[in-house]
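Peer 1: Here it is, the structure in full.
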Amino acid sequence: MGNSVAPHQMHGKGSSVYKEQIHVPMIIRHPAYPGNIRCNSLTNHLDLVPTLIGLTGRDRSLREKVLEGRKGRDMSPLLAHPEQAGLNALRPGSLYCYGMILYMDAQYTAKFRKLAGEKLPHDQFKKAIASLHPDFSHRSGIRMINDGHYKFARYFSLKQHHIPATLAELLENNDVELFDLVNDPEENHNLAREPEKYRDLLMTMNDKLNQLTAAEIGEDDGSYMPPFEGSQWDLTAAQMHQYMRD
């Protein structure tokens, strides 16, 4: 959780798209393939199951039946010569989605921590915590694509799930980041701060993100979220403390 302290003066996890937080190398050790070789191809956690199925060596028809339309890609064909595989040999980009309700409002979290520290009886605690309401308008939701050259992310309110189609819509409803991973590998210069200068690139990456979202998520309409108005978490102080700690 402290990997971003030096490069970006941040701590915690999940709520940004910097490589220190979201880049998890995929490591494969298999007796049939040479070791100590790096593969630069983009992967995603969705690729884990198809790859494991692919490594069984069973007939393609049987593998497809087992996978039943799963969204991931099988990277086992790359393992014979992984060093020869290009960045996009497996997929056009890697998708990252984030939408944790518990971490979207820092003030709500601080109030809860203070309340939990008061050691109130269970009934009093439940009444007190029911009076607290997180601000769902904060732009804590994330959709991001890394295509190997650029990393494009938009931060939006979880009450405003949308698929931006124009630059105006993108900028009105999102905080946007765009990093050139070739010329700015440390992700320090956000090109999206100059939206007119990088208009075409922003819209190209936005289109890529929309396409990958549709392919791997489907209809990204926020239907997975709980009701916003009047929601209450019927939890004890101990349970809430455990969730906050985890």
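Numbering (the numbering used here), first residue to last: 8 to 253. We put the CB at the ideal spot given by N, CA and C, even for glycine.
1. With M232 and L165 assumed to form a contact (beta carbons below 8 Å), what rounded beta-carbon distance in angstroms separates them?
2. If you draw a straight line from the alpha carbon of T63 to that of A175, how long is it in whole angstroms?
3. Measure the C-alpha to C-alpha separation of F119 and A221 and round it to an integer number of angstroms.
4. DSSP puts N259 in a beta bridge; with which residues?
5. Quick one: using the 10 Å Cβ neighbour count with 16 as the cut-off for buried, is E201 buried or exposed?
6. Nearest to R98 by alpha carbon, out of G79, D112 and P41?
7. Got a sec, what are the start and stop residues for the beta strand (DSSP E) R150 sits in?
8. Is it right to say N51 is buried, meaning 16 or more other beta carbons lie within 10 angstroms of its own, or is it exposed?
9. Quick test of the definition: if touching needs 3 or more C-beta pairs under 8 Å, does the segment 89–98 touch the segment 34–45?
10. Going along the chain, which residues of its own chain have a beta-carbon closer than 6 Å to the beta-carbon of S147, five neighbours each way excluded?
11. Any idea which residues DSSP pairs D182 with across the strands?
12. In this structure, does DSSP put S101 in helix, strand or coil?
13. With distances taken from CA atoms, which of E125, S83 and L53 is nearest R65?
14. Would you call I34 buried or exposed, if buried means 16 or more other Cβ atoms sit within 10 Å of its Cβ?
15. In the DSSP assignment, the alpha helix (DSSP H) including E71 goes from what residue to what residue?
16. Alpha carbon to alpha carbon, how far is E179 from H145? Give it in angstroms, no decimals.
17. What is the residue span of the alpha helix (DSSP H) that D214 lies within?
18. When you compare the CB positions of Y103 and V24, do they come within less than 8 Å of one another, or not?
19. Keeping to the same chain, check which residues put their C-beta closer than 8 Å to that of G225; ignore five residues upstream and five downstream.
20. Label M107 either buried or exposed according to how many other C-beta atoms from any shown protein chain fall within 10 Å of its C-beta, with 16 as the threshold for buried.
Peer 2: If we stick to the structure as given:
1. 6 Å
2. 48 Å
3. 36 Å
4. Residue 259 lies beyond the range of the chain shown here (8 to 253); nothing can be said about it.
5. exposed
6. G79
7. G148 to N153
8. buried
9. yes
10. M111
11. Y162
12. strand
13. S83
14. exposed
15. R67 to L74
16. 14 Å
17. R206 to E223
18. yes
19. none
20. exposed
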